[in-house]
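Asks: Chains as they are written, first to last, in numbering that gives the first Met the number 0: chain S, 0 to 177; chain R, 0 to 177; chain V, 0 to 463; chain G, 0 to 463.
Ideal Cβ positions, reconstructed from N, Cα and C, are used throughout, including at glycine.
Just so you know, these numbers come straight off a predicted model, no measurement behind them.
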Amino acid sequence: MAPDPSVDTVPPGRRRFVAAAMTAIGAAIAAIVGVPLAGFFALPALRRSERRWLEVGPVADFAEGRISKALAKPLVGPVWPRETGRVALYVQNQGDGKFALYHIHCTHVGCPVRWNAPAGRFFSPCHGGVFDKDGRVLAGPPPRPLDRYEYKVEKGVLYAGRIFKVNDRLEFAAWHHA
Amino acid sequence: MAPDPSVDTVPPGRRRFVAAAMTAIGAAIAAIVGVPLAGFFALPALRRSERRWLEVGPVADFAEGRISKALAKPLVGPVWPRETGRVALYVQNQGDGKFALYHIHCTHVGCPVRWNAPAGRFFSPCHGGVFDKDGRVLAGPPPRPLDRYEYKVEKGVLYAGRIFKVNDRLEFAAWHHA
Amino acid sequence: MAPRLTAVLGWLQERLGTREQLTRFLFRRLPVGTTWWHTLGSAALFLILLQTLTGFFLAFYYVPSPEHAWDSLTYIQQEIPFGRFVRGLHYWGASLTIVVVFLHLLRVFVMGAYKYPRELSWVVGVVLFLVVMLFGFTGYLLPWDQKAYWATVVGTHIAGTAPFVGDYLWRILQGGVEVGTRTLGRFYAAHVLILPAVLYGLILVHVSMVVYQGIGPTPRGPLARLRRQDYARLYEESKGRGETFLEHLVRDAVVAFVLLLALAWMAATWSIPMEEVADPTDTQYVPRPEWYFYFLFELLWQFPGKWTVVATFWIPLAGVLALLLLPFYDRTSGRSPLTRPVASAGAALALAAVGVLTYQGATAPAPPREGGAVTQETKALPPALAKGAAVYEAQGCSACHVLKGTGTAAGPDLTRVGARRADAWLRRFIKDPSAVQSGASMPPYGELPDEELQALAGYLAALK
Amino acid sequence: MAPRLTAVLGWLQERLGTREQLTRFLFRRLPVGTTWWHTLGSAALFLILLQTLTGFFLAFYYVPSPEHAWDSLTYIQQEIPFGRFVRGLHYWGASLTIVVVFLHLLRVFVMGAYKYPRELSWVVGVVLFLVVMLFGFTGYLLPWDQKAYWATVVGTHIAGTAPFVGDYLWRILQGGVEVGTRTLGRFYAAHVLILPAVLYGLILVHVSMVVYQGIGPTPRGPLARLRRQDYARLYEESKGRGETFLEHLVRDAVVAFVLLLALAWMAATWSIPMEEVADPTDTQYVPRPEWYFYFLFELLWQFPGKWTVVATFWIPLAGVLALLLLPFYDRTSGRSPLTRPVASAGAALALAAVGVLTYQGATAPAPPREGGAVTQETKALPPALAKGAAVYEAQGCSACHVLKGTGTAAGPDLTRVGARRADAWLRRFIKDPSAVQSGASMPPYGELPDEELQALAGYLAALK
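1. So V:Ala93 and V:Gly135 are in contact, right, with Cβ under 8 Å, and what is the actual spacing, rounded?
2. Should R:Lys97 be labelled buried (16 or more other beta-carbon atoms within 10 Å of its own) or exposed?
3. Rounded to whole angstroms, what's the CA-CA distance from G:Arg419 to G:Tyr458? Just pull it up for me.
4. Please report the distance separating the alpha-carbon of S:Gly109 from that of G:Val210.
5. Beta carbon of G:Pro30, beta carbon of G:Ile214: below 9 Å?
6. Check whether the Cβ atoms of G:Ala408 and S:Gly139 sit closer than 9 Å, and answer yes or no.
7. Kindly list, in the order they appear in chain V, the residues whose Cβ is closer than 9 Å to that of R:Leu169.
8. Between which two residues does the beta strand (DSSP E) containing R:Val156 stretch?
9. Going by the DSSP bridge assignment, what does V:Val126 pair with across the sheet?
10. Can you tell which of R:Pro117, R:Val136, R:Gly84 and R:Lys72 has the C-alpha that lies nearest to the C-alpha of V:Glu446?
11. Would you mind telling me which residues of chain G sit closer than 8 Å to R:Pro57, beta carbon to beta carbon, in chain order?
12. For the candidate residues G:Ala383, G:Ala365 and G:Ala388, whose alpha-carbon lies nearest to that of G:Glu376?
13. If you measure beta-carbon to beta-carbon, which residues of the region 268-300 of chain V are closer than 7 Å to chain R?
14. Out of V:Arg368, V:Ile97 and V:Glu177, point me to the one whose CA is closest to V:Thr405's CA.
15. Please confirm whether V:Phe55 has its beta-carbon closer than 9 Å to some beta-carbon of chain R.
16. Where V:His190 and R:His107 are concerned, what is the direct C-alpha to C-alpha distance, given to the nearest angstrom?
17. Going by other Cβ atoms of all chains shown within 10 Å of its Cβ, with 16 needed for buried, is G:Phe327 buried or exposed?
18. Is there at least one Cβ from chain V nearer than 9 Å to S:Phe40's Cβ?
19. Beta-carbon separation of R:Ile24 and G:Ala255 under 9 Å?
20. Tell me which residues share the same chain as S:Arg85 and place their Cβ nearer than 6 Å to its Cβ, disregarding the 5 neighbours each side in the sequence.
21. Residues of the region 203-221 of chain G with a CB closer than 8 Å to any CB of chain V: list them in chain order, please.
22. Does the structure place the region 126-141 of chain V close enough to the region 338-350 of chain V that three or more beta carbon pairs sit under 8 Å?
23. With a threshold of 9 Å between beta carbons, is R:Thr83 in contact with chain V?
24. For V:Leu133, collect the residues of the same chain with a Cβ closer than 7 Å to its Cβ; drop the 5 residues on either side in sequence, then sort them by chain order.
25. In the structure shown, what three-state DSSP assignment does G:Gln436 receive?
26. Mind checking who G:Thr243 pairs with in its DSSP beta bridge?
27. List the residues that DSSP assigns as beta-bridge partners of R:Lys151.
28. Check whether the Cβ of V:Val99 lies closer than 9 Å to any Cβ atom in chain S.
29. Report the option in G:Gly241, G:Glu246, G:Thr243 and G:Gln212 whose CA atom is closest to the CA atom of G:Tyr230.
30. If you compare alpha carbons, which of G:Arg415, G:Asp449 and G:Pro286 is closest to G:Leu402?
31. Of all Cβ atoms in chain B, is any one closer than 9 Å to the Cβ of S:Arg14?
32. Using the C-alpha atoms, what's the distance from V:Met208 back to V:Thr338?
33. Can you tell me whether R:Gln91 is buried or exposed? The criterion is at least 16 other CB atoms within 10 Å of its CB, across all chains shown.
34. Which of the three DSSP states is assigned to R:Ser5 in this structure?
35. Taking only the alpha-carbon atoms, compute the straight-line gap between S:Val136 and S:Phe122 and give it to the nearest angstrom.
36. Confirm, please, whether the CB-CB distance from G:Ala460 to G:Asp422 is below 9 Å.
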């Protein structure tokens, strides 16, 4: 029962056939199993339009010229988990029916930023990032201004949409996720 | 780098020492790890008095001489899972303030028994088990009468307690769990 | 070979002796007459790997708590791309794995491969078979639908009938005195952590033994009947004329591929039965186990009352021991099944018994309806018969009798009872069965009003 | 030996060659000078096995959903017997495993055991180290408390800064655009299924290599400096005079036992930090990573703005590659660290850098308080100074400055700023920093009312 040292006893032609057959079958199995599993794993994460409009609250709740933290109502879906979590955001009423809705995560590594009304600035508590009331970087390591939400006003109620990045001139730069 | 065939080259005395040391340390490790893990796994399952009195409902809801299905209120605890599940049971008002509270699981292999009022019998749908209104086996494979709950009446409300087994003369035979 | 590849292989060979390792594993010679039947082991391994893989992915979204288990599975099926397909692979794959593992065991039995020198391979293999059955038992609860919950209630009750330790076993399985949050947690941890660890550990041992000892040969020619002293020589001679494992691997790959195609087809086209979320307070539900436990469930009919433990414990125990110890009590030298008639006949008998019981389970009549439910068909009957049919339903007769394929087969089938029994006889029998037929197990219906009794007997007598 | 045992061993030997297997594994000879340092590998394995075991048991009760994760962990700690202890073993065991795996890596580096013929062992070992770190990263989220949630938000943000694939990586890690239900599901499945499968697969390879090639010798005597052609002969000579693995196993067992005692002591007496349940809407929380990721978190200070990716991606990538490829670019023949000064100095430098950063992380000042919070100490100040202190708090100065150990160290520590700067200078600086000091990174506070500015400057000038 000692191992039989018979490497190379398979004729090269047969060996090539075996290699080809195994490769073909292996590739077919990998494809049949791999494609659905990859989709199963990755597609829900990469889905574009999962988050529809979030109800932030009546416009009247946000005084002109001021910035305040708001909690958007969770979305209710037909199946589990049924409710999305509540979403916090900063709402700036810029007057004339214009708003800026800021994402609460610092653009550096995601620490929650705090709005400091007396100072008129957003502070990140992790690495000293400071943003002005329009979300521009004043100091510290953040690479870009605060991210923002699309918004719309319908029947006096403010809604938040997708998240986007802005550049240093506060112009639209990219969607927060591709 | 071929394996060195040096079995038995360790002197017997040294071998005995190694065996003794490994056994002692192994046993100590097994005890230090094993006892807490065994308790962690088994003790919650073997706990005696986890289920306290369940509120079944006002006595007035159960007409004398009749058998009806009742849902006991869940117990609320201080930590997760906070609520026990609802418990279904059959309540027989025997008159004179006496009750019999039957467990819904057939004593054969646990299928849910159905109370059939016109026939005055409990039927198990799995292997033809039939019980009379006092839970005695009339036909089929069940090895003993229907299990029962302890009960008490306080301020006109019926409560169900621990589950017990009865013998063929309907006397207490054993707790449903030791 | 490309010079670069040769260089890499040389580098590896110098450090790890890869050439010898490969020889020992991939280029080892197999005995002559290694057949397609010899692919069943690798097919089982392939299916187990596939179950592991699909299970890993399902675990990304599944939540093992009574509040969310059913919901999260619905979410997987309805919201996650390929969710139905991936769950289908895992669901149908479970049954297919049990079938293939069993066929593998059967192949080894038929070829006498459990004999010297492979006794331990057989023992480990039988344990692997039991572990695979435990995967079925634990996985079954996870959807937390009615079927899952009630089948588990029955399963833990059956475990609870074991002598002496039954009560402890019952509670430790459940994590308490009922099937609930802790049961689901336990079954999930067992299904995805404990059992896989045991399974792969044993597979490592099982496969290492096969690689070391070589595959069990087809019992033909000089290898059909063997004594120990000749074995090594004859086996080596046979290997000298056989093909290499690498060549056999093509067969393994083809079988794996065909199994996968079949499975993918099932997953894509068959729908998975999924019932309502578990309700422990429902007293109308009729539990049924998964098909691979039918034999146990049906066996219960044969052993009523105090004998239940024979069906739930002693027969299964005897079966497991008979399998486990087979190589130690079957001391015949024949490897071909015809040269060891006792073992073969015993196995055939056991197999037939399991087969018949499984068939009975698969073809059992539809469960009795809720007491008092009256069908369309009944409503169409003439008034006198309709009244009898209503009594039949109201008195729950279908709890013990089958009528036109519905009910429980504890007593006689009544579909054509009128052809056997007259109205008057039926009336007397229903009133007091044992007075008419000594030893009748039906309970008496003496309290039934005369009017209803007449209607019932008339209805039954008309069934021809 | 008892005759019965001898018979059993003989039976096994005839079938499976157990004698040779044992010789190859248990009685193999080790080179001379195999030390207590050589137990670190088996100590790591022991801790990994222990983590697996305690993890299996925690999985019986833990539920991986945002609604129940924190609750079920509280339940484990408060209601399950030995719950605190078992979780303690797993929690402190995680840190201990990382320490021991790292020390093992260090031992192998110092003894030059990554060199011929063990290059691949080293590569697999480095991957194992990374896998262990991933266990830390994924396990960290599971309690679903504030610390867990926010550290994971930071962790996925850091992964998201990777060039080209960052956005995809970020979303695939999270299972969507935020840390939520799917993130927890993924991290749990990775922690208990995917990573263990990878870990044990690699451990099998790693340990098989060690058994085949023998343990890396202490670089002393003829084995201190080696060329390939001499290696096999010298190593065999050394083994000829060394002890067997069985004897070394006693050392392994003692180390495992001592580690277990230490761990049991920690689990029994140290309490596990557990914060409130995760709240994604809390804007007052200050995230901090687990200690073994401090170096990365602190490194971020050095690379602000567009350079962030250097700290989050390029430096870690370079570090991993430097480790992985070490045996291929360090071509020196010396095994003793003194005979390969470049590698040793580089490693010492890297180690010092990681050590300093970890120390900085461990001794970082308390996080800034919520804007406007006024301490007891402030209230006790004379009115003029108290007003300045209130302005300091209201304006959120502690977001960038440390004062008496509280705040963020982005700007200078102000605890004794009055000793360095006068009132007037401070007033001018706060109003417009870059006008006073070119290149000052502090944003100007020109809009601050004069009265408040004076109070603030006065308060700061009094800090001596």
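Replies: So, to answer that:
1. 6 Å
2. exposed
3. 14 Å
4. 46 Å
5. yes
6. no
7. In chain order: nothing, as chain V lies at least about 17 Å away.
8. Val156 to Val165
9. Answer is none; V:Val126 lacks a bridge partner.
10. R:Pro117
11. Residues of chain G passing the Cβ test: none, with the nearest at roughly 32 Å.
12. G:Ala388
13. Pro279, Thr280, Asp281, Thr282, Gln283, Tyr284, Val285, Pro286, Leu299 and Trp300
14. V:Arg368
15. no
16. 27 Å
17. exposed
18. yes
19. yes
20. Leu70 and Pro73
21. Met208, Tyr211 and Gln212
22. no
23. yes
24. Leu194
25. coil
26. G:Arg28
27. R:Tyr158
28. no
29. G:Gln212
30. G:Arg415
31. The question asks about chain B, but that chain is absent: this structure's protein chains are S, R, V and G.
32. 26 Å
33. buried
34. Low per-residue confidence applies at R:Ser5: pLDDT is 47, beneath 50, and the placement is therefore not dependable enough to give any value.
35. 10 Å
36. yes
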